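In terms of the working numbering, the sequence shown has 43 at position 63, counting the first letter as 1, and numbering is strictly consecutive.
C-beta: ideal position from N, C-alpha, C; glycine also.
These numbers come from a predicted model, not from an experiment.
Presented below is the structure to which this report refers.
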Amino acid sequence: MLIKVLGSAAGGGLPQWNCNGRNSADARKGAGGIAPRTQASAAVSAHGKQWVLLNAAPDLRQQVNQTPELHPAPDGGPRNSPIEAVVLTNGDVDAIAGLLCLREGQPFTVYGTHRVLDVLASNSVFDVLAPGLVRRVAMTYGQPFTVEGPSGAVGIDIEAFPVPGKVPLYLEDEKAGADLGTQEGDTTGLKVTDRASGRHFFYVPGCAKVDEALRARLKDAPLLFFDGTLYTNDEMIAQGLLNKTGERMGHMNMSEEGGSIESLAPLDIARKIFIHINNSNPALREDSPERAAVEAAGWEVSYDGMEVRV
Ligand code: MLT
Ligand code: MN
């Protein structure tokens, strides 16, 4: 199974259009050691011919153009695409807006929890994905399924599981209390398995906390892509970018007590890769002490175009 990181940044990307923070400013002017990044998404293929997208970032058009594997086949007729399905892990703008780039009458399948499919159903702009062509299929926790696109099964099985997280920003309900109206189905992790070999990996681009259930699931995992939004919980406040902690945003920090590096360290995960990295995160800078600390702890920082085989 081949995994291609289409985008490695969190919402906003790097540089973010209105951000004058150090990372965005340096990425914008092409300073060395801080590569621009599009918003988080990965493409997965069992045989290299049919592809499944894990989330559809607002940058999807650019991501497809930059990824030859996702181009139409030259001998496949006037309109064709190797993208057979999109599996959604949450309803945030950075995970779903790219669906709008996949209009133009192309059949494929969209998988999401009821919570995320409800977001699509309640926003009629998503009907540009013609209902007769683009199937929407509900994912139920505890019920693994075989991904099927217009050309049939693509050789990949997926199990969706709940992850501590938060309702999308635009659906937050202050009156609902501290959880802002978060419900099961808002934030999902994926176990992605190559049917032929049985090899698998986990994709968890958003996570508020490593709880007991997640610990049990990730124990001894061969490969994990995990929420790398922040380095420290309060970095956006410290940099004057946004008056919110990571905790408030439903995302984890890499460092500090209770951070992802510490929380996942005891689980003997063979390969650990951060994705969904916010433009405030100092570990984005290749020469930073924070990057060195991340790598010394056995983690990799993903980048756009990164390829991983399992
Ligand atoms: C998030 O990951 O918290 C969201 O992408 C926030 C947003 O929608 O801007
Ligand atoms: Mn996000």
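For Ser25, the enclosing beta strand (DSSP E) starts and ends at 21 to 25.
Phe181 sits close to Pro202, with the two beta carbons spaced by under 8 Å. Burial check for Lys252: the Cβ neighbour count within 10 Å reaches 16 or more, so the residue is buried. Distances taken from the Cβ of Met232 to the heavy atoms of the ligand MLT include none shorter than 7 Å. Every alpha helix (DSSP H) stretch that sits fully inside the region 199 to 235 and reaches 4 residues is listed by chain position as 215 to 218, 226 to 229. Applying a distance threshold of 7 Å between residue Cβ atoms and the heavy atoms of the ligand MN selects Ala(-10), Gly(-9), Ala20, Asp72, Asp74, Ala75, Gly186, His256, given in chain order.
The beta carbon of Ser268 lies closer than 6 Å to those of Pro262 in the same chain, with the five residues before and after it left out.
According to the DSSP assignment, Ile76 belongs to the alpha helix (DSSP H) that extends over 73 to 76. Judged by pairs of C-beta atoms under 8 Å, the region 128 to 137 does not touch the region 208 to 223, as fewer than three such pairs exist.
For the options Pro38, Ser25, Asp72, the alpha carbon positioned closest to that of Ala65 is the one of Ser25. Nearest neighbour of Ala36 by Cα position, chosen from Pro124, Asn3, Leu50, Ala75, turns out to be Ala75. Between Val105 and the set Thr89, Pro54, Glu287, Leu80, the nearest pair of CA atoms involves Leu80.
Distances from the alpha-carbon of Gly186 to those of Gly165, Lys224, His231 put His231 closest.
By the 16-neighbour rule on beta-carbons within 10 angstroms, Tyr211 is buried.
Within the region 78 to 134, the runs of beta strand (DSSP E) that reach at least 3 residues and sit entirely inside it are, in chain order, 88 to 92, 114 to 118, 125 to 129. DSSP lists Leu204, Trp279 as the bridge partner or partners of Lys252. Annotation for Glu242: no beta strand (DSSP E) segment contains it, though the alpha helix (DSSP H) segment containing it runs 240 to 244. Taking 7 Å as the cut-off, the C-beta of Leu68 does not count as close to any heavy atom of the ligand MLT. For Ala65, the enclosing beta strand (DSSP E) covers residues 63 to 67. A direct Cα-Cα distance of roughly 5 Å separates Gly13 from Glu266. Rounded to the nearest angstrom, the gap between the Cα atoms of Ser61 and Arg83 is 12 Å. Annotated three-state conformation of Asn60 is coil, per DSSP. Contact between Thr89 and Val117 holds: CB atoms are separated by about 6 Å, below the 8 Å threshold.
Two segments are said to touch when three or more pairs of C-beta atoms, one from each, lie closer than 8 Å; by this definition the region 272 to 287 touches the region -16 to -1. Annotated three-state conformation of Asp174 is strand, per DSSP.
With a 10 Å radius around the Cβ and a threshold of 16 neighbouring Cβ atoms, Ala53 comes out exposed. Judged by DSSP in its simplified three-state form, Ala140 adopts strand. Pro246 has its alpha-carbon roughly 37 Å from the corresponding atom of Asp98.
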